[in-house]
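Written out below as structure tokens is the structure these notes cover.
Numbering (my numbering), first residue to last: 602 to 1006.
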């Protein structure tokens, strides 16, 4: 910009070229938009996470640009698209975003299945895809390509943290998860980590995402656990509306079975109220993380929406911070320079300290072991911190599991 201005000033010294000088200054003032395509699963079972991602990305961009919504002098434009939880549609949308809308970068998606469908397009078109919410390990594992950057957590990180919290010698665990890539990958890592910690996984059950009747599966799990000595736990890993309240209503406590869970949106945690001894891990709860970024996010979210931010909001907020950092560091929107800018990036986000690994572009996330308590006047069960698990610590366990295969 400085070079352009100097050339324009020199041109303006000649009255003959005054018109040229005016045009030059005007063209410099109207910088090209920096376009972000946000692809979410707004229609379907993951709608709540999609809406959180939309809010979180917007707030994160505002925070990172100090309210200007400009980066390197370029106005930021967010183009929103709904993949409807359909992988084929997600693939078409990201192609449309890059080729027709001329997006510089894409963010998404809410579902691991739709995200995996988009990734080959990012590689083919050599454009960055930042994954905020989707958690399947394969995204930054065996399906990964160098144009994919994930600022959100992985199911592996969450599963290892869960096993670290729950698994001990003489502990028997059953797993209930959804029958798609997120649920199966999570169960696989959890089983490996729990076994490594001395526990025994006695049953694994996988059900369709839209399942509403859990009577049969609950009874099978109860039968697998009830006669085991020692501690007995049913670990429920479910995205969307958790079945944990329905299962608790079937009284697993009569068999000495305790329930455990994973992160859920605030409205999902309403189902956790009144469940005895319920434990789990989460990468985010608005009252747990203490830093400037989260304080701003909480205050701004409450001001605009009269409610605290949720976990998906925080993931997208952090993705926005990483994107703005990468654009500033790279100096523009060149894809190769953007990808290089993400590698090794370390920054403070709303979920805590994040470092994006150069090897696979996966952010290391801290997790928090919590117990869920019922607090009068609060609509959801409130997580109370038991123990924090560092991102480096979890990554070390994941590497150990990978080497043992």
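For glycine and all other residues, C-beta sits at the position ideal for the given N, C-alpha and C.
None of these values were measured; they are calculated from a predicted model.
| request: Would you mind stating whether residue 761 and residue 834 have Cβ atoms separated by less than 9 angstroms? | output: No, the pair does not count as a contact, with Cβ atoms beyond the cut-off.
| Does the separation of the CB atoms of residue 643 and residue 685 fall below 9 angstroms? | Taking 9 angstroms as the Cβ cut-off, residue 643 and residue 685 qualify as a contacting pair.
| task | Starting from residue 740, follow the alpha helix (DSSP H) in both directions and report where the run begins and ends. | result | For residue 740, there is no enclosing alpha helix (DSSP H), as DSSP marks it with neither H nor E.
| Sequence-distant residues of the same chain with beta carbon closer than 7 angstroms to residue 869, five excluded per side | Same-chain partners within the cutoff: 842 and 843.
| field | Chain-order list of residues whose beta-carbon lies under 8 angstroms from that of residue 767 (same chain, five-residue window excluded) | value | Closer than 8 angstroms at the Cβ level, and outside the excluded window around residue 767, lie 774, 795, 800, 834, 836, 861 and 880.
| field | Span separating the alpha-carbon of residue 789 from that of residue 969 | value | A straight line joining the alpha-carbon of residue 789 with that of residue 969 spans about 21 angstroms.
| said: Could you compute how far the alpha carbon of residue 628 sits from the alpha carbon of residue 703? | reply: Low per-residue confidence applies at residue 628: pLDDT is 36, beneath 50, and the placement is therefore not dependable, though the value from the model is reported in the following sentence. Between residue 628 and residue 703, the C-alpha separation is close to 20 angstroms.
| said: Just to confirm before moving on: does the CB-CB distance between residue 755 and residue 957 stay below 9 angstroms? | reply: No, they are not a contact pair.
| query | Which runs of the beta strand (DSSP E), 3 residues or longer, sit entirely within the segment 745-773? | reply | List check, beta strand (DSSP E) in window: 749-751.
| request: Locate the alpha helix (DSSP H) running through residue 696, then write down its first and last residues. | output: Taken as a continuous stretch (DSSP letters only), the alpha helix (DSSP H) holding residue 696 covers 688-700.
| Contacts around residue 633, its chain only, beta-carbon distance under 8 angstroms, and the 5 residues preceding and following it disregarded | Take residue 633, set aside five residues on each side of it, and the residues of its chain with a beta-carbon closer than 8 angstroms to its own are 675, in chain order.
| query | Can you find a C-beta in chain B that's less than 9 angstroms from the C-beta of residue 636? | reply | The structure shown contains no chain B; it is built from a single protein chain.
| task | Kindly list the residues whose CB is nearer than 8 angstroms to the CB of residue 825, restricted to its own chain and excluding five residues on each side of it in sequence; keep chain order. | result | Excluding positions up to five away in sequence, the list reads 775, 803 and 804.
| task | Using a threshold of 9 angstroms, state whether the C-beta atoms of residue 917 and residue 714 are closer than that. | result | No. Outside cutoff.
| task | Could you check the C-alpha separation between residue 607 and residue 742 for me, to the nearest Å? | result | Low local confidence applies: a pLDDT of 37 at residue 607 is under 50, so the model's placement there is unreliable, with the coordinate-based value given in what follows. Between residue 607 and residue 742, the C-alpha separation is close to 49 angstroms.
| Bridge-paired residues (DSSP) for residue 953 | Beta-bridge pairing by DSSP links residue 953 to 950.
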